[in-house]
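Enquirer:
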Amino acid sequence: MPVIASSRRRLVRSLAVAGTGVAVVALPLFGATSASAAPSAQATTAASTTAYPDNLDGWIREAMDVMAQNGIPGSYDSIHRNIMRESSGNPAAINLWDSNAVKGTPSKGLLQVIDPTFQAYHVPGTAFDPFDPVANIAAACNYAADRYGSIDNVFGAY
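The sequence shown begins at 1 in full-length UniProt numbering and counts up by one.
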């Protein structure tokens, strides 16, 4: 994967995670005479941004956080199992030989999602790119939840 694309993907994911709108609650300090005590500068910063490693473990963990924010079920083990079956962990994987490819819509990415499915099940807060690992996982798990109840119920091609 080109370094520029990888850096851009990390930036897009970082921005998507930073924009999730997690609220910071400021409580009065001990000895404060009212609840209007000014929160510290540290408490008001975007400390909710989580750094994820740019590898399969990090992509799954980041996708699971996005999924949790959107009510999409799925366990780490099930996501990992399906990724290994579908792409062996290669986010640039593309299937150019199956029935979808013959119809002009090859399966792409970690969980081998076709473009129409990715577009229909894209999860807000992720990149609109089926090759983006986090976006691919989240969209595939969103589809699996709609069709099978959860990615946890998928044990073969879906």
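Positions of the beta carbon are idealized from the N, C-alpha and C atoms, including for glycine.
1. To the nearest angstrom, report how far apart Tyr-121 and Gly-109 are at their CA atoms.
2. If the criterion is Cβ atoms closer than 7 Å, does the pair Ala-139 and Phe-155 meet it?
3. State the beta-bridge partners of Ile-94 as determined by DSSP.
4. Going by CA-CA distance only, name the one from Gln-112, Gly-149 and Phe-128 that's closest to Asn-82.
5. If Val-123 and Ile-60 are in contact, beta carbons under 8 Å, what's the gap, nearest whole angstrom?
6. What residue range is occupied by the uninterrupted alpha helix (DSSP H) comprising Asp-77?
7. Cutting at 6 Å between CB atoms, please list the residues of its own chain near Val-134, excluding the five before and the five after it.
8. May I ask you to report which of helix, strand or coil DSSP gives Val-123?
9. Pick helix, strand or coil for Val-154, following the three-state DSSP scheme.
10. For Val-113, which beta-bridge partners are listed by DSSP?
11. If we ignore side chains and look at the alpha-carbon of each, how far apart do Tyr-52 and Ala-93 end up?
12. Looking only at its chain, what residues have a beta carbon closer than 6 Å to the beta carbon of Ala-145, apart from the 5 residues adjacent to it on each side?
13. Since Asn-90 contacts Ser-107 with CB under 8 Å, what's their CB separation in whole angstroms?
Expert: To lay it out plainly:
1. Numbered from its first residue, the sequence shown carries residue 121 at position 121. Numbered from its first residue, the sequence shown carries residue 109 at position 109. Going by the C-alpha atoms only, they are around 15 Å apart.
2. Stepping through the sequence shown from its first residue, residue 139 is reached at position 139. Stepping through the sequence shown from its first residue, residue 155 is reached at position 155. Not closer than 7 Å, so no.
3. One-based indexing of the sequence shown puts residue 94 at position 94. Assignment of beta-bridge partners to Ile-94 by DSSP yields Lys-108.
4. Within the sequence shown, residue 82 is the residue found at index 82, counting from 1. Among Gln-112, Gly-149 and Phe-128, the Cα nearest to that of Asn-82 is on Gln-112.
5. Stepping through the sequence shown from its first residue, residue 123 is reached at position 123. Stepping through the sequence shown from its first residue, residue 60 is reached at position 60. About 14 Å separates the CB atoms of Val-123 and Ile-60; that is not less than 8 Å, and the two are not in contact.
6. Here residue 77 is taken as the residue at index 77 of the sequence shown, counted from 1. Element bounds for Asp-77: 76–87.
7. Against the sequence shown, residue 134 aligns to sequence position 134. In chain order, Arg-13, Trp-59, Glu-62, Ala-63 and Thr-126 place their CB closer than 6 Å to the CB of Val-134, counting only its own chain and leaving out the 5 sequence neighbours on each side.
8. Indexing the sequence shown from 1 puts residue 123 at position 123. It is coil, neither helix nor strand.
9. By one-based count along the sequence shown, residue 154 stands at place 154. It is coil, neither helix nor strand.
10. Your numbering for residue 113 matches position 113 in the sequence shown. Answer is Lys-108, bridged to Val-113.
11. One-based indexing of the sequence shown puts residue 52 at position 52. One-based indexing of the sequence shown puts residue 93 at position 93. Approximately 21 Å between the Cα atoms of the pair.
12. In the sequence shown, the residue the question calls residue 145 occupies position 145. Excluding sequence positions up to five before and after Ala-145, its CB lies within less than 6 Å of the CB of Ile-72 and Pro-73, all in the same chain and listed in chain order.
13. As a first step, residue 90 is located in the sequence shown; it is residue number 90 there, counting from the start. As a first step, residue 107 is located in the sequence shown; it is residue number 107 there, counting from the start. The pair is not a contact, with the Cβ atoms about 12 Å apart (cut-off 8 Å).
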